[in-house]
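Visitor: Those protein sequence lines, which keep their order, are chains A and B. Counting from 1, position 45 in the first sequence corresponds to residue 45 in my numbering; the numbering is continuous, with no gaps. One rule links them: number in my numbering = place in the second sequence (from 1) + 372. Glycine residues also receive a C-beta, built at the ideal position from the N, C-alpha and C atoms. Owing to the predicted nature of the structure, the values given are computational and were not obtained by experimental measurement. Below is a structure I'd like to ask you about.
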Amino acid sequence: MNAIDPAIHVAAANIRLDGVTKSYGKMPIIPNLDVEFRAGEFTVVLGPSGCGKSTLMQMIAGLERVSGGRIVIDGREVQELEPKERGCAMVFQNYALYPHMTVFDNIAYSLKIAGMTKAERRVRVELVAKMLGLTEYLGRKPSQLSGGQRQRVAIGRAIVREPSVLLFDEPLSNLDAQLRHDTRVELAELHRRIGATTVFVTHDQVEAMTLADRILILNKGEIEQYDTPKAIYHNPASVFVARFIGSPPMNILPVSGDGTVLRLSDGQAVAECRLKGSFQLGIRPEDIAVYTTANASALRADVRYHEDLGSHSILAADLSGTMVRITTPFGSQAPDSNVLLLSCPQQRLHLFDAVTGKAIAGAFTAATKEKK
Amino acid sequence: MVENARSINIVASLILIMGVIFIFGPLYLTLATASHSYEFMLQNGLTWSFGGNLIANFKRIFTETSIPMQMVNSLIVAVGNAVAGCVLSFLSAYAIVYFRVRWASIVFALILATVILPLDMRFVTTYQVASNIFSPLNAVLDATGLNDAVAGLFGAPFHAEWSILNTHLGLVVPLLAHGMGTFLFRQFFLTLPKDLFKAARMDGAGPIRFLVDILLPLSRTTFASLFVLTFLSGWTQYLWPLVASSTAEMQTAVVGLARLVPDEGAVPDYPLIMAGAILVSIIPLTMIALLQRYLVQGLVLSEK
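Written out as structure tokens, the structure is:
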């Protein structure tokens with residue numbers, strides 16, 4: 001394995017988008033985007049469908065024109081260049097293999113267009129095929145392959161040109177769960193070995209969390225947050241991000257602050273805080289603790305249902321009119337009574353603006369510091 | 373619901389046999405009549421029995437009529453119609469499906485409109501244009517007053533004339549204005565993976581390269597279907613060739629066959645005509661026999 005590393009390893013390029021805009025007719029898809037994808041990093045672009053993530057990728061690839069702004073790859077402005085001049089390769093959601101060509105020809109097609117001799121093409125294709133475990137399928141047509149094999153041919157077709165930028169457009173969405181998991185692991189391995197700057201579009205948060213060096217979360221064409229998976233999980237920048245990442249998603253509760261404590265709509269005090277006004281309070285399902293013994297300071301909630309998943313169970317409870325989900329580690333043990341006693345540790349709470357949904361930094365740290 | 377009762381089978385078979393008789397009866401009569409001499413036919417009328425004059429009648433077609441040469445005309449019209457039709461349809465469907473053409477849907481609707489406005493309905497105007505294909509241009513120049521300006525500048529108004537009546541070109545071109553092929557290719561292109569074009573662009577293939585390397589090989593069967601359909605329609609055209617060709621050398625075989633019937637009241641030489649009909653049918657029959665598979669595919673596609 002290691003012996004072939006230098007042959008396919010590429011010089012990664014960084015990608016910078018400067019004030020990129022895109023609209024179809026009068027409908028703006030991307031209002032204004034400034035972002036940099038660092039050389040050699042695996043960046044996952046995550047967002048709900050229609051958020052402009054595929055458009056963003058196609059603009060980098062050169063399949064869509066930008067309406068305004070600049071795209072700079074490796075210090076070179078490329079927004080007016082044809083796709084082949086940008087040094088990008090792309091893997092499509094439905095693979096888009098050429099149905100009438102063999103696997104070999106599919107992979108070799110770009111090399112053929114680039115004017116490479118037959119002998120050179122053979123060497124390169126065989127190298128890639130060996131890397132992806134496709135050697136014995138080179139003579140087959142795409143229709144004779146399974147979904148996972150087609151996927152690998154599509155990847156082979158992309159990496160055979162040794163692109164400095166690799167683009168993936170929801171490549172795993174057509175695979176079944178097991179294959180998706182395996183391919184995810186292979187992709188991570190592949191990225192480590194090839195080293196190309198990778199941009200991966202998906203709406204699947206698991207893919208994003210496991211593959212990414214950095215996640216770019218888009219909503220309606222604008223950046224919600226651009227950070228490492230860990231940071232995004234632990235410090236979501238907005239309610240949108242908080243809800244989008246994590247399964248079950250973060251619980252969001254309306255609270256009001258009177259300058260000393262935050263209260264739920266039914267008057268129960270959740271946390272100390274010096275801020276006044278209406279806010280949205282977020283807490284992850286796994287951060288909520290359940291008391292098994294009576295506790296005066298605990299929050300009271302009514303249990304609605306209980307899902308046992310073996311490794312953990314999920315409790316859904318009504319907390320002051322909002323349904324909250326709680327991940328509990330104690331397996332199959334359902335609570336005895338209908339009333340649940342909860343506590344939300346202050347350091348695990350997230351506070352968001354009631355209107356904009358943006359995170360309010362340091363809302364609780366200030367309070368705790370003062371207490372000391 | 374598929375019934376398998378014996379009585380239904382018998383009734384179905386009877387209906388099928390009647391259909392076969394209905395179709396093969398006239399064909400048999402054609403063959404039988406072609407095997408008699410003119411004199412025998414005058415005495416006995418049309419008979420169901422066979423005579424010994426089939427070969428002699430074929431020989432007469434070659435020696436006494438223009439049918440052989442007219443069959444060459446038919447071949448030129450049919451092949452011309454098929455080849456040009458395929459190429460034009462392929463290219464127009466390519467433009468409509470794969471490029472963001474302004475007003476693409478309107479263009480496609482106009483192309484499809486030709487299906488409900490066949491040549492037979494546009495006969496008079498088509499004839500006018502064929503008699504001088506510059507006549508629309510002349511009319512536009514006159515109507516817009518541009519010709520007055522031209523006359524002022526050069527001393528005479530612009531007026532061009534080129535008649536394509538009684539030429540092979542004139543026989544073929546009006547038949548090409550038909551949207552069926554474009555529709556056929558469009559439907560086929562829409563069944564292909566959507567990202568194929570993008571994938572080819574990423575691989576460095578331009579639009580022409582994509583057309584030649586990817587689309588053309590994939591479209592082979594659609595080409596074959598459309599070729600058979602348009603060839604047959606070109607070969608069996610009657611009205612337009614009748615009007616557009618004025619000499620026997622330019623007429624197609626189908627027109628030539630009809631011309632074998634004398635204008636006056638004399639009894640037509642049916643054995644000769646029937647022999648000619650058999651000869652004229654041989655080429656499309658062979659075509660159907662060889663390319664039946666594609667013909668069916670084409671018919672199925674065009675009905676969708």
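What distance in whole Å lies between the Cβ atoms of Pro99/A and Ser142/A, which are believed to be in contact at a cut-off of 8 Å?
Guide: Position check: residue 142/A holds Pro in this sequence, whereas Ser was assumed. Pro142/A to Pro99/A, Cβ: 6 Å. Contact.
Visitor: Residues of the region 98 to 109 of chain A in Cβ contact with chain B at a cutoff of 9 Å, in chain order, please.
Guide: So the close ones are Tyr98, Pro99, His100, Met101 and Tyr109.
Visitor: Measuring only the C-alpha atoms, how far is Asp353/A from Gly362/A?
Guide: Taking the straight line joining both Cα atoms gives about 13 Å.
Visitor: Output the distance between the C-alpha atoms of Met413/B and Leu657/B, rounded to the nearest integer angstrom.
Guide: 27 Å
Visitor: Please return the same chain residues whose Cβ sits closer than 7 Å to the Cβ of Met646/B, not counting the five positions on each side in sequence.
Guide: Thr402, Thr405 and Ala406
Visitor: Contact check, Ser438/B vs Ala620/B under 8 Å by CB: the rounded distance?
Guide: 5 Å
Visitor: Taking the alpha-carbon positions, what's the Arg121/A to Val66/A distance?
Guide: When rounded, the separation of the alpha-carbon atoms in Arg121/A and Val66/A is 34 Å.
Visitor: What three-state label does DSSP hand His350/A in the structure shown?
Guide: strand
Visitor: From which residue to which residue does the alpha helix (DSSP H) around Gly147/A run?
Guide: Gly147 to Ile159
Visitor: Within a Cβ cutoff of 6 Å, which residues of the same chain sit near Ser461/B, ignoring the five residues on either side of it in sequence?
Guide: Gly553, Thr554 and Phe557, listed in sequence order.
Visitor: Residues of the region 59 to 92 of chain A in Cβ contact with chain B at a cutoff of 8 Å, in chain order, please.
Guide: Residues of the region 59 to 92 of chain A with a C-beta less than 8 Å from any C-beta of chain B: Ala61, Gly62, Leu63, Glu82, Pro83, Lys84, Cys88, Ala89, Met90 and Phe92, listed in chain order.
Visitor: Report the CB separation of Ala502/B from Ala616/B in whole angstroms; it is logged as a contact under 8 Å.
Guide: 6 Å
Visitor: Would the region 631 to 647 of chain B and the region 386 to 400 of chain B be scored as touching if the rule is three or more Cβ pairs under 8 Å?
Guide: The region 631 to 647 of chain B makes no contact with the region 386 to 400 of chain B: fewer than 3 CB pairs, one atom from each, lie closer than 8 Å.
Visitor: How many angstroms separate the CA atom of Ile215/A from the CA atom of Leu145/A?
Guide: 32 Å
Visitor: With 16 as the cutoff for other CB atoms within 10 Å, does Trp534/B come out buried or exposed?
Guide: exposed
Visitor: Express the C-alpha separation of Gly195/A and Leu179/A in angstroms, rounding to a whole number.
Guide: In this model, Leu179/A and Gly195/A are separated by some 23 Å (Cα to Cα).
Visitor: For Ala114/A, go through chain B and note every residue whose CB falls closer than 7 Å to its CB, in chain order.
Guide: Gly576
Visitor: Under 8 Å, do Asn106/A and Val153/A count as touching if we go by C-beta distance?
Guide: It is a contact, given that the beta carbons lie within the stated cut-off.
Visitor: Which residues in chain A sit within 9 Å of Pro565/B, going by Cβ to Cβ distance?
Guide: Phe92, Asn94, Tyr95, Ala96, Leu97 and Pro99
Visitor: Less than 6 Å between C-beta atoms, sequence neighbours within five positions excluded: which residues of the same chain meet that for Ala269/A?
Guide: Val261 and Arg263
Visitor: Would you check if the distance between the CB atom of Leu491/B and the CB atom of Thr497/B is smaller than 8 Å?
Guide: no
Visitor: Unbroken alpha helix (DSSP H) runs of length 4 or more, entirely within the region 409 to 490 of chain B: which are they?
Guide: Entirely contained in the region 409 to 490 of chain B, the alpha helix (DSSP H) runs reaching 4 residues are, in chain order, 410 to 416, 426 to 436, 439 to 470 and 476 to 488.
Visitor: Please confirm whether Phe37/A and Ile15/A have their CB atoms less than 8 Å apart.
Guide: yes
Visitor: Output the distance between the C-alpha atoms of Ser653/B and Gly527/B, rounded to the nearest integer angstrom.
Guide: Per the coordinates, the alpha-carbon of Ser653/B lies some 56 Å from the alpha-carbon of Gly527/B.
Visitor: Can you tell me whether Ser297/A is buried or exposed, with buried defined as 16 or more other CB within 10 angstroms of its CB?
Guide: So Ser297/A ends up on the exposed side.
Visitor: Residues in the same chain with beta-carbon distance under 6 Å from Leu132/A, minus the five sequence neighbours each way, listed in chain order, please.
Guide: Arg152 and Gly156
Visitor: In this structure, what does DSSP give as the bridge partners for Ile73/A?
Guide: Ile15/A and Arg76/A, per the DSSP bridge assignment.
Visitor: Should Trp612/B be labelled buried (16 or more other beta-carbon atoms within 10 Å of its own) or exposed?
Guide: Trp612/B is buried by the Cβ-count criterion.
Visitor: Run through the region 37 to 71 of chain A for me and flag every whole beta strand (DSSP E) of 3 or more residues, listed as ranges in chain order.
Guide: 42 to 46
Visitor: What residues from chain A crowd round Leu590/B, counting only those whose CB sits closer than 7 Å?
Guide: Pro99 and His100
Visitor: Got a sec: is the Cβ-Cβ distance from Arg581/B to anything in chain A below 8 Å?
Guide: yes
Visitor: Hey, Gly221/A and Cys344/A are a contact pair by Cβ (cut 8 Å); roughly how many whole angstroms apart?
Guide: Contact doesn't hold; Cβ gap of about 34 Å is too wide.
Visitor: Evaluate contact between the region 203 to 215 of chain A and the region 225 to 232 of chain A, counting only Cβ atoms and requiring at least three cross-stretch pairs below 8 Å.
Guide: yes
Visitor: Could you give the residue range of the alpha helix (DSSP H) that holds Leu216/A?
Guide: Counting along the chain, Leu216/A falls outside any alpha helix (DSSP H), though it belongs to the beta strand (DSSP E) covering Arg214 to Asn219.
Visitor: Would you say Arg472/B faces chain A, with C-beta separation under 8 Å as the test?
Guide: no
Visitor: Beta-carbon within less than 7 Å of Ser54/A's beta-carbon, same chain only, minus the 5 sequence neighbours each way: which residues are those?
Guide: Asp169 and Val201
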